[in-house]
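Chains A and B supply the protein sequences, listed in that same order.
Position 139 of the first sequence, counted from 1, bears residue number 139 in this note's numbering, the numbering being contiguous throughout.
Remember, this note's numbering sits 239 above the position in the second sequence when you count from 1.
Every residue, glycine too, gets a C-beta built ideally from N, C-alpha and C.
Beneath this line is the structure, given in structure tokens, with notes to follow.
Protein chains: 2
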Amino acid sequence: MGVADFNQIRRGEHLPERVATQIGKEISEGRIAPGDKLPTEHLLSKTFGVSRSVVREAIAQLRNEGLVETRQGVGAFATDMERRQSIRIEQDNLSDRVSFGSLFQLRLPLEIEAAGLAAIHHTPEDIARLDETLGRMSGAERWTNEGIIADLAFHRQVAAATQNEYFLMFLGFVAERIHLAINAARETAVLEEIVEITIAEHVAIRDAIASGDPSRARSAMRDHLVGAAARIDLSLDIF
Amino acid sequence: MGVADFNQIRRGEHLPERVATQIGKEISEGRIAPGDKLPTEHLLSKTFGVSRSVVREAIAQLRNEGLVETRQGVGAFATDMERRQSIRIEQDNLSDRVSFGSLFQLRLPLEIEAAGLAAIHHTPEDIARLDETLGRMSGAERWTNEGIIADLAFHRQVAAATQNEYFLMFLGFVAERIHLAINAARETAVLEEIVEITIAEHVAIRDAIASGDPSRARSAMRDHLVGAAARIDLSLDIF
DNA sequence: CCATATAAGGTTATCAGACAACCCTACAAG
DNA sequence: CTTGTAGGGTTGTCTGATAACCTTATATGG
């Protein structure tokens with residue numbers, strides 16, 4: 001029964017978050033096995049050097065993520081990862097290049113498949129929305145903040161055009177994370193993306209979807225993503 | 240400024256959960272628009288007739304789900320769905336066939352791509368784990384509970400063999416949901432899946448990955464999934 | 001007049017302590 | 001042996017207070 005050696009937590013920002021992270025780490029790294037009982041809230045609060053409210057909020061978060069279950073009068077118990085009710089990505093993790101590349105690699109098949117499905121299932125309204133968004137993207141010489149938001153919206157609308165709620169959910173989530181990471185990187189080193197090319201690629205995607213040809217839509221999306229990856233110096237595994 | 244008419248909450252079970260549900264409903268149904276400020280914790284606690292602790296825990300939950308953001312000294316604000324920090328699927332939603340099919344459709348490209356990446360990046364240990372799992376699957380005439388668990392484990396191990404943490408995270412999540420839904424369906428109507436075929440398909444996937452040929456691995460996985468979908472009477476959009 | 005400090009009030013974040021609700025175990029009573 | 005009950009432990013909820021922080025208004029100095 002490895003007794004999970006916690007560290008005192010240092011102040012700074014959002015204590016419950018950090019407490020939850022530490023406890024969560026103990027669980028996902030196996031030091032607290034599934035089914036094991038967590039220390040009592042009272043003990044945890046003493047261990048971390050924070051109040052019981054903070055510990056409670058941390059445990060509540062873990063319960064939301066499905067990592068622990070609590071039973072009044074008994075205690076809190078770790079559940080195994082397979083039962084997780086939600087997916088969560090810490091934004092910090094995306095700062096390193098390997099992790100960012102992994103997420104982009106995940107995005108690739110999702111976007112391509114979404115484009116193909118969109119070609120089949122899109123409605124006239126979907127195409128109209130895409131056109132409206134493309135209008136907002138063009139007209140700018142350099143990347144404006146507006147243009148970046150429109151870019152994100154474009155990809156969301158493609159996902160929506162699949163008429164598949166899960167594509168919208170997952171792709172929206174992944175694309176958002178990637179854009180945030182790119183924006184963060186943009187602050188330090190200004191990336192030289194050629195606006196015209198990017199817009200042209202988007203137009204090609206729109207036309208392919210509108211044509212109703214799934215393989216053409218998939219190709220267009222693939223070309224766009226591979227190009228985008230290359231423009232930010234990212235190497236992917238392509239087939 | 241629609242003033243969000245909350246009701247007093249009745250005791251019974253898990254107050255924060257229900258408070259969060261009510262507030263969350265106000266947001267997702269648009270009565271509290273993105274960017275709007277929520278009532279103060281003090282006011283909410285009076286409105287709901289619960290203590291501030293409960294309100295805080297409820298808001299913390301919404302914050303975890305990404306529906307609200309809080310700024311110390313200012314207030315809590317509703318954010319829009321695009322910014323959601325986590326993905327969540329209610330198991331109930333998968334009971335209807337359309338939703339289930341949508342999730343399976345999402346799984347398709349993820350699994351196929353994962354098989355391709357696994358063919359490239361797998362380690363000898365990955366192959367050994369796959370073999371061990373295949374051993375647990377075979378030997379049974381009918382589908383045992385053990386066999387189903389092994390099936391799930393096999394797919395998780397393929398995802399792990401990509402050496403891409405996000406494939407493991409997303410695919411593990413999606414596959415788990417699908418298996419749960421299938422199991423639930425199995426209780427009412429016993430599905431006649433031919434064990435031999437399913438196992439043979441898994442072996443084919445394993446061999447393809449071990450061979451290091453991505454396109455062969457992708458084909459094998461695709462055949463398996465398409466076959467599995469057909470066996471449970473599901474029609475997919477295939478390219 | 002303008003820009004910068006400073007004070008005031010409101011809000012969230014955290015703390016501390018108490019009581020309620022609930023569960024489990026052990027022990028006593030029948 | 002079964003049932004009842006008392007006790008201690010744990011989570012759930014309540015209350016009130018203090019700290020940290022933000023916004024706005026006011027004062028101050030140039």
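Between alanine 443 of chain B and alanine 424 of chain B, the C-beta gap is not smaller than 8 Å, which leaves the two residues out of contact. When the alpha-carbon of alanine 118 of chain A is set against those of A:Gln163, A:Leu43, A:Leu171, the nearest one is in A:Gln163. Unbroken alpha helix (DSSP H) stretches of 4 residues or longer found wholly inside the segment 44-114 of chain A: 52-65, given in chain order. When C-alpha distances from phenylalanine 167 of chain A are compared across A:Glu146, A:Arg206, A:Lys25, A:Leu106, the shortest belongs to A:Leu106. Per DSSP, the beta bridge partners of lysine 37 of chain A are A:Phe77. Here glutamate 296 of chain B is actually not in contact with alanine 150 of chain A; their C-beta atoms are around 38 Å apart, not less than 8 Å.
Taking a contact to require three or more Cβ pairs closer than 8 Å, the segment 117-135 of chain A and the segment 251-260 of chain B do not qualify as touching.
At a Cβ-Cβ threshold of 8 Å, phenylalanine 100 of chain A and alanine 153 of chain A do not count as neighbours. For glycine 30 of chain A, the three-state secondary structure derived from DSSP is coil. The C-beta distance from histidine 394 of chain B to leucine 373 of chain B rounds to 12 Å, too long to meet the 8 Å contact threshold. Pairing isoleucine 199 of chain A with serine 102 of chain A gives a Cβ-Cβ distance that is not under 8 Å.
Annotation: the continuous alpha helix (DSSP H) that includes histidine 463 of chain B extends over 453-470. Under the three-state reduction of DSSP output, phenylalanine 239 of chain A falls in the coil class, being neither helix nor strand. In the structure shown, leucine 369 of chain B falls within a helical segment according to DSSP collapsed to helix, strand and coil. Judged by DSSP in its simplified three-state form, serine 211 of chain A adopts helix. Asparagine 164 of chain A sits in coil when the DSSP states are folded into three classes, being neither helix nor strand. The contact set of methionine 169 of chain A on chain B, defined by CB atoms closer than 7 Å, consists of Ile326 in chain order. Burial state of alanine 33 of chain A is exposed, judged by a 10 Å Cβ sphere holding fewer than 16 other Cβ atoms. Distance between leucine 62 of chain A and valine 195 of chain A, taken at the CA atoms: about 43 Å. Within the segment 115-127 of chain A, contact with chain B at the beta-carbon level (separation under 9 Å) is assigned to Gly116, Leu117, Ile120, His121. The DSSP-derived three-state label of threonine 123 of chain A is coil. Rounded to whole angstroms, the gap between the alpha carbons of alanine 469 of chain B and isoleucine 326 of chain B is 28 Å. Between proline 255 of chain B and isoleucine 359 of chain B, the gap from beta carbon to beta carbon reaches 8 Å or more. Those residues of the segment 56-69 of chain A placed with their C-beta closer than 8 Å to a C-beta in chain B are Arg56, Glu57, Ala60, Gln61, Asn64, Glu65, ordered along the chain. If you check each beta-carbon in the segment 332-348 of chain B against every beta-carbon of chain A, the ones closer than 8 Å belong to Ser338, Ser341, Leu342, Gln344, Leu345, Leu347, Pro348.
Against chain A, the beta carbon of proline 453 of chain B has neighbours under 9 Å at Asp237, Phe239, listed in chain order.
Under the three-state reduction of DSSP output, leucine 419 of chain B falls in the helix class.
Residue environment for glutamate 111 of chain A: buried (at least 16 other C-beta atoms within 10 angstroms of its C-beta). Excluding sequence positions up to five before and after glutamate 146 of chain A, its CB lies less than 6 Å from no other CB in the same chain. For arginine 218 of chain A, at least one C-beta of chain B is nearer than 8 Å to its own C-beta. Secondary structure of histidine 441 of chain B (DSSP, three-state): helix. Judged by their CB atoms, phenylalanine 478 of chain B and arginine 218 of chain A are nearer to each other than the 8 Å cut-off.
By the neighbour-count criterion, in which a residue is buried when 16 or more other Cβ atoms sit within 10 angstroms of its Cβ, glutamate 113 of chain A is buried.
The alpha carbon of histidine 202 of chain A has as its nearest neighbour, out of A:Ala210, A:Phe173, A:His224, A:Thr47, the alpha carbon of A:His224. The Cβ-Cβ distance between valine 397 of chain B and alanine 449 of chain B does not fall below 8 Å.
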